[in-house]
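Trainee:
Residue numbers (this note's numbering): 540 to 782.
(1) Between which two residues does the alpha helix (DSSP H) holding residue 681 run?
(2) In the DSSP output, which residue or residues are listed as bridge partners for residue 730?
(3) I need the DSSP call for residue 714, collapsed to helix, strand or coil.
(4) Is it the case that the stretch 760 to 778 contacts the stretch 728 to 737, given that we only count it when at least three CB pairs across the two stretches are under 8 Å?
(5) Which residues mark the beginning and the end of the beta strand (DSSP E) in which residue 761 is found?
(6) Using the C-alpha atoms, what's the distance from residue 758 back to residue 715?
(7) If you count every other CB in all the chains shown that lies within 10 Å of the CB of residue 749, and 16 or more means buried, which is it?
(8) What's the C-alpha gap between residue 643 and residue 649?
(9) In whole angstroms, give me the CA-to-CA distance for residue 733 and residue 608.
(10) In terms of residue numbering, what span does the alpha helix (DSSP H) encompassing residue 567 cover?
(11) Do the stretch 678 to 686 and the stretch 732 to 746 meet, that is, are 3 or more Cβ pairs less than 8 Å apart?
(12) Looking only at C-alpha atoms, which of 712, 645, 722 sits nearest to residue 690?
Given below as structure tokens:
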């Protein structure tokens, strides 16, 4: 398991999420950009990328980014999002339960009472083609059936609390969001950051809008103005490229 190291934290990403959820760490003190850079460097050093590991990182990183954006920009909360904090907490609990359940199922499958390992010290006839199953000499159909039923019962207990079904929202293209922001700056020269966020349909679109703003700022195509801490952020046109 990959570990991350910043000025305020050292350890796995899942541990960081747990500490923040339990309020043992302040999300505003965590440098998420440094964590993302470390993970990208980690991926570049791999010969093959594990899709499951990558998806786990994206899920946890997205939740951390959302929590931090709310902590840094509390004035962006609107009436329609009164239950959003509880919903986010529910999603995090769901994710943790899924990880725990998958580990338990893996442990059950690895228990020896469900495995029949052939004795290697006795000569056996080897077939030239096709799959083969070599059970121990004392195994019977009844014992196989009994073990299989026991396995199914154990799995059924783990799956009694079924996770609620979730529908994935359509993907939002960050390039399209950048194009819309540039178009808005061409028309108005400046706009309020809260205005852009309030037009987003859901949390995912808000995150994509935030990332698009950061990308344009990195390219020095726009700049920011803010009168005081936690006040309105103004986005201004700066060497904007229209191509």
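We treat Cβ as the ideally placed atom computed from N, Cα and C, and that holds for glycine.
Mentor: Taking the coordinates as given:
(1) For residue 681, the enclosing alpha helix (DSSP H) starts and ends at 680 to 697.
(2) Assignment of beta-bridge partners to residue 730 by DSSP yields 774.
(3) Helix, per DSSP.
(4) With a cut-off of 8 Å, the stretch 760 to 778 and the stretch 728 to 737 count as touching, because enough Cβ pairs lie within range.
(5) Residue 761 -> beta strand (DSSP E) spans 761 to 765.
(6) One C-alpha to the other measures close to 16 Å.
(7) For residue 749, the number of other beta carbons within 10 angstroms of its own is at least 16, and it is reported as buried.
(8) Looking at the two C-alpha atoms, the distance is approximately 10 Å.
(9) Distance between the alpha carbons of residue 733 and residue 608: 12 Å.
(10) Premise fails: residue 567 is in no alpha helix (DSSP H) and is neither H nor E.
(11) Between the stretch 678 to 686 and the stretch 732 to 746, the count of Cβ pairs shorter than 8 Å is below three; the stretches do not touch.
(12) Put simply, of 712, 645, 722 the residue whose alpha carbon is nearest the alpha carbon of residue 690 is 645.
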